[in-house]
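So the sequence lines, in the order shown, correspond to chains A and B.
Quick note: the first sequence uses the working numbering, first residue 1, plus one each step.
Quick note: the second sequence uses the working numbering, first residue 1, plus one each step.
We treat Cβ as the ideally placed atom computed from N, Cα and C, and that holds for glycine.
Note that the structure is predicted; figures quoted are calculated from it, not measured.
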Amino acid sequence: MATTTTPATTTDGAKGAGQPARPPGRRPRRSLLPYLLLAPAVVLELAIHVIPMLVGAWMSLLELTQFHVRDWSSAPFVGLDNYRVVLDVDSAAGAELLRSFRVTVVYTVLSVGLSWVLGTTAAVLLQRPFRGRAVLRALFLTPYALPVYTAVITWTFLFQRDTGLVNHVLVDQLNLLDDRPFWLIGDNSFVALLIVSIWRTWPFAFLCIMAGLQNIPDELYEAAAMDGAGFWRRLRAVTLPMLRPVNLVLLLVLFLWTFNDFNTPYVLFGGTAPAEADLISLHIYRSSFQTWDFGTGSAMSVALLLFLLLVTAGYLLLTN
Amino acid sequence: MSRRHLAILTATVLAAASLTACGSGDEPGGDSKTLTYWASNQGASLEADKEILQPELDKFEQQTGIKVNVEVVPWSDLLNRLLAAATTGQGPDVVNIGNTWSASLQATGALVEFDDATLDKVGGKSRFVPAALAAAGAPDKPPAAVPLYSLAYALYYNKKSFADAGVTAPPTTWEELVVAGKKLTGDGKWGLAVEGANPSENAHHAFTFGQQYGGDWFDTAGKPSFDTPQNVAAVKRYIDLMAADKIVNPSNAEYAQNQSVSDFANGKAAMLLWQAAGANLQSQNMAADAYGVAPVPFLASPPADGKQVNSMVAGINIAVFKHTKNLDGALEFVKFMTSDTEQVTLNKTYGSLPAVSTVAADAGFAADEQKILAQTLSTSAAPLPQVPEESTFETLVGTAIKELFADAASGRPVTEDSVREKLTRAQQQMR
Chain A
1 MATTTTPATT TDGAKGAGQP ARPPGRRPRR SLLPYLLLAP AVVLELAIHV IPMLVGAWMS
61 LLELTQFHVR DWSSAPFVGL DNYRVVLDVD SAAGAELLRS FRVTVVYTVL SVGLSWVLGT
121 TAAVLLQRPF RGRAVLRALF LTPYALPVYT AVITWTFLFQ RDTGLVNHVL VDQLNLLDDR
181 PFWLIGDNSF VALLIVSIWR TWPFAFLCIM AGLQNIPDEL YEAAAMDGAG FWRRLRAVTL
241 PMLRPVNLVL LLVLFLWTFN DFNTPYVLFG GTAPAEADLI SLHIYRSSFQ TWDFGTGSAM
301 SVALLLFLLL VTAGYLLLTN
Chain B
1 MSRRHLAILT ATVLAAASLT ACGSGDEPGG DSKTLTYWAS NQGASLEADK EILQPELDKF
61 EQQTGIKVNV EVVPWSDLLN RLLAAATTGQ GPDVVNIGNT WSASLQATGA LVEFDDATLD
121 KVGGKSRFVP AALAAAGAPD KPPAAVPLYS LAYALYYNKK SFADAGVTAP PTTWEELVVA
181 GKKLTGDGKW GLAVEGANPS ENAHHAFTFG QQYGGDWFDT AGKPSFDTPQ NVAAVKRYID
241 LMAADKIVNP SNAEYAQNQS VSDFANGKAA MLLWQAAGAN LQSQNMAADA YGVAPVPFLA
301 SPPADGKQVN SMVAGINIAV FKHTKNLDGA LEFVKFMTSD TEQVTLNKTY GSLPAVSTVA
361 ADAGFAADEQ KILAQTLSTS AAPLPQVPEE STFETLVGTA IKELFADAAS GRPVTEDSVR
421 EKLTRAQQQM R
């Protein structure tokens with residue numbers, strides 16, 4: 001088949017023979033356009049992320065308490081003292097931070113892991129068309145679509161010991177337990193937090209994996225089926241390897257979101273969470289705002305930032 | 001206009017808008033004709049407060065031509081919002097503050113000092129009840145606010161429950177309260193309701209019990225002294241109402257949104273320790289003659305250094321931010337809110353006591369509840385330490401007690417050692 005080609009227009013503005021030459025004075029304005037289009041995003045990125053982060057790093061070097069919050073320039077410069085306090089596990093602040101860190105690690109691993117398993121399972125089961133699939137998809141995505149505060153406040157009511165629906169079902173309806181357990185205080189508070197977190201998170205995993213599954217060619221499944229591969233074999237040999245690029249990003253994003261999760265524990269427990277569910281973001285908030293010690297709180301934040309950067313860099317290196 | 005021109009224009013507008021957004025903010029009500037006022041939640045709800053305050057603010061506008069934009073801020077957010085306003089210089093002109101926070105907020109330097117000259121502008125120092133004015137800042141400095149509503153703790157009891165259980169008089173000692181509480185506990189009802197997950201409430205009770213046991217939460221140098229034997233005994237006594245005496249529903253360990261008041265109003269609990277609860281109880285359909293009011297009990301056998309204190313000097317102060325651009329208007333508003341007429345109107349509505357001595361004898365404060373509160377304030381109330389770290393004390397000790405209530409509710413043993421450990425940890429977090 002005969003084809004015709006036209007000379008490609010180069011990015012530096014080479015023109016076809018028939019085109020009139022542009023006046024030289026208009027070129028700079030044209031080259032300005034991409035920067036103007038980028039400007040709002042750059043300004044907002046600087047204002048919302050970069051500058052506050054740098055200010056936070058600066059705050060971590062100050063003794064910024066209630067005596068100095070109004071005029072930061074009067075706050076004594078203490079160098080790395082705040083870091084010494086929060087990273088010294090023998091000090092009260094350091095021990096509390098370490099405990100909170102451990103709780104957060106376990107919480108993140110369980111929440112991300114279980115959310116991924118649930119999301120993958122649901123997406124695979126809903127991969128083939130069947131009657132009612134659209135309804136189920138919409139239903140599964142509901143927790144992700146709900147405003148976080150509304151959703152978690154509802155869970156707070158559900159978990160109340162005396163009046164909550166959870167105990168009503170477990171104790172009064174199903175008679176699974178003799179005594180009404182507490183969910184928002186004590187050991188169970190971690191379980192309650194995890195349940196709410198997974199409930200909120202797994203629909204996102206479901207959504208991403210569902211999208212990833214659409215890109216797997218049917219021919220691969222057909223070929224596998226012809227080779228005699230059953231469901232599990234197809235899952236292991238076709239689905240999961242083909243989903244690898246999606247999963248690499250998905251797991252990283254879920255890890256970062258979950259590790260930094262502030263809204264869920266804050267709404268579920270108020271400003272102070274039980275020790276068993278004291279996630280690090282809420283712990284830093286309490287250290288900063290409730291004790292009015294912004295220097296120490298900032299040091300914790302910077303330490304957390306460095307940890308997350310390290311983990312992210314390690315993850316990307318390992319998975320590249 | 002070509003598409004490219006349109007794109008350039010759009011991008012420029014967006015860039016300009018984003019830059020402008022960085023510079024804009026919640027400016028204080030700046031001009032001479034408006035003020036922004038953050039009121040604390042004194043009534044049954046934020047909406048109820050707004051309905052109570054709005055007619056008075058309209059009156060002020062008629063008198064002065066200054067419009068006051070009011071926002072009622074819930075207690076759970078108020079301190080953080082105040083701190084943010086102090087830090088940024090943005091926000092309200094006039095604010096209500098819990099009087100126990102006065103010294104802490106004073107230390108930020110963000111509030112207008114009420115020296116004698118400034119006090120004269122709002123009616124003069126002599127107008128205010130001395131004990132209430134003393135709880136408006138550090139003792140060696142001019143007050144950082146002036147008192148608005150005066151409050152004290154009292155014991156509220158359900159008359160019918162008492163009669164049914166054969167309890168003939170309200171308890172005057174904690175030992176009597178425990179005996180009565182055990183008689184009143186059963187069939188899904190409990191002797192006493194507490195707000196176990198509310199750090200501020202917990203800290204207030206820790207202070208009062210501490211005084212009765214001879215404890216101080218700060219030493220004479222202003223350093224924290226949380227884990228003294230007296231304070232440990234005091235906190236344990238309070239927690240034991242649930243842990244050992246079992247006259248408090250373990251579910252109260254979850255309460256932080258005034259559910260204990262509702263439990264008392266609904267007859268689920270027969271006693272309540274609260275500040276001026278009457279108006280709130282009546283708004284929850286509890287008849288005024290259904291409950292009695294008595295002073296908070298004392299220890300039957302107090303230690304030698306124990307103090308005859310059964311309440312903190314509670315109350316709400318009104319303060320002005322230095323960042324206001326309408327200082328005269330703000331002080332005019334403070335003068336209005338502390339005027340005789342407004343003091344009677346507002347305190348009568350809220351069931352609190354006036355902060356000015358000129359209207360103390362008004363018939364509006366002659367009910368039994370107000371008499372008990374006034375008697376407590378004049379004879380057996382003490383102010384919380386007016387030190388800069390006071391608000392941190394409330395947070396840390398209040399949270400430690402919240403955790404101890406959670407332990408008690410979960411069936412974990414609450415011992416002197418466990419109480420001491422929590423208080424020591426709280427103290428170590430003070431800087």
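Nearest CB-CB separation between GLN66(A) and chain B: below the 8 angstroms threshold. In summary, GLN214(A) is exposed, with fewer than 16 beta-carbon neighbours lying within 10 Å of its beta-carbon over all protein chains present. When C-beta atoms of the segment 146–154 of chain B are compared with those of the segment 345–363 of chain B, three or more pairs fall below 8 angstroms, so the two segments count as touching. Apart from sequence neighbours up to five positions away, the residues of its chain that approach TYR213(B) with a beta-carbon distance below 8 angstroms are GLN230, ASN231, ALA233, ALA234, ARG237, LEU299, PRO302, PRO303, GLY306, ordered along the chain.
The beta carbons of THR376(B) and SER311(B) sit closer together than 8 angstroms. For LEU141(A), there is no enclosing beta strand (DSSP E); the residue is found in the alpha helix (DSSP H) stretching over 133–145. Within the segment 217–238 of chain B, no residue places its CB atom closer than 7 angstroms to a CB of chain A. Taking a contact as a CB-CB distance under 8 angstroms, the pair MET430(B) and PRO130(B) does not count as one, their CB atoms being some 30 angstroms apart.
Listed in chain order, the beta strand (DSSP E) runs fully inside the segment 329–355 of chain B amount to none, counting runs of at least 3 residues.
When the alpha-carbon of LEU35(B) is set against those of ALA44(B), ASN41(B), GLN275(B), VAL95(B), the nearest one is in VAL95(B). A straight line joining the alpha-carbon of PRO170(B) with that of ARG425(B) spans about 37 angstroms. Below 8 angstroms, too few C-beta pairs join the segment 221–230 of chain A and the segment 163–177 of chain A to call them touching: fewer than three. LEU316(A) is classed as exposed because its beta carbon has fewer than 16 other beta carbons within 10 Å across all chains shown.
Residue pairing by DSSP places GLN275(B) opposite TYR153(B) in a beta bridge. In this chain, the beta strand (DSSP E) harbouring ALA294(B) covers 291–294.
In terms of beta-carbon proximity, ILE280(A) stays away from the interface with chain B, with every pair separated by 8 angstroms or more.
Three or more pairs of CB atoms, one per stretch, sit closer than 8 angstroms, so the segment 256–269 of chain A contacts the segment 278–290 of chain A.
According to the DSSP assignment, ALA180(B) belongs to the alpha helix (DSSP H) that extends over 174–184. Excluding residues up to 5 positions away in sequence, GLN42, GLY43, TYR149, ALA276, ALA279 lie with their Cβ nearer than 7 angstroms to the Cβ of TYR350(B) in the same chain. For THR264(A), there are no neighbours in chain B by C-beta distance under 9 angstroms, as the nearest C-beta there is about 17 angstroms away. Contact check for HIS323(B) against GLY89(B) passes: the beta carbons are separated by less than 8 angstroms.
Short of 6 angstroms from the beta carbon of ALA85(B), and not among the five residues preceding or following it, lie these beta carbons of its own chain, in chain order: GLY91. By alpha-carbon distance to THR341(B), the top candidate from TRP75(B), LEU192(B), ALA360(B) is ALA360(B). Taking a Cβ-Cβ threshold of 7 angstroms, the residues of chain B close to LEU184(A) are GLU254, in chain order.
Straight across, the Cα-Cα distance linking PHE321(B) with THR87(B) is about 11 angstroms. Note that the segment 172–191 of chain B does not touch the segment 390–402 of chain B; fewer than 3 beta-carbon pairs, one per stretch, sit closer than 8 angstroms.
Shown here, GLU222(A) sits in a helix according to DSSP, grouped into three states.
Within the same chain, LEU282 come within 7 angstroms of TYR266(A) by CB-CB distance, once the 5 residues on both sides are set aside.
When Cβ-Cβ separations below 8 angstroms define contact, TRP155(A) makes no contact with chain B.
Secondary structure of ILE52(B) (DSSP, three-state): helix.
Neighbours of TRP292(A) in chain B, taken as residues at a C-beta separation under 8 angstroms, are given in chain order as LEU83, SER104, SER391, THR392. At a cut-off of 8 angstroms between beta carbons, ALA277(A) makes no contact with chain B.
Between THR272(A) and PRO199(B), the beta carbon gap of about 7 angstroms places them in contact (Cβ cut-off 8 angstroms).
TRP274(B) places its beta carbon less than 8 angstroms from that of TYR156(B). Judged by beta-carbon spacing, ALA144(B) lies within the 8 angstroms limit of SER102(B), meaning their Cβ atoms are closer than that value. DSSP places THR36(B) in the uninterrupted beta strand (DSSP E) bounded by 34–40.
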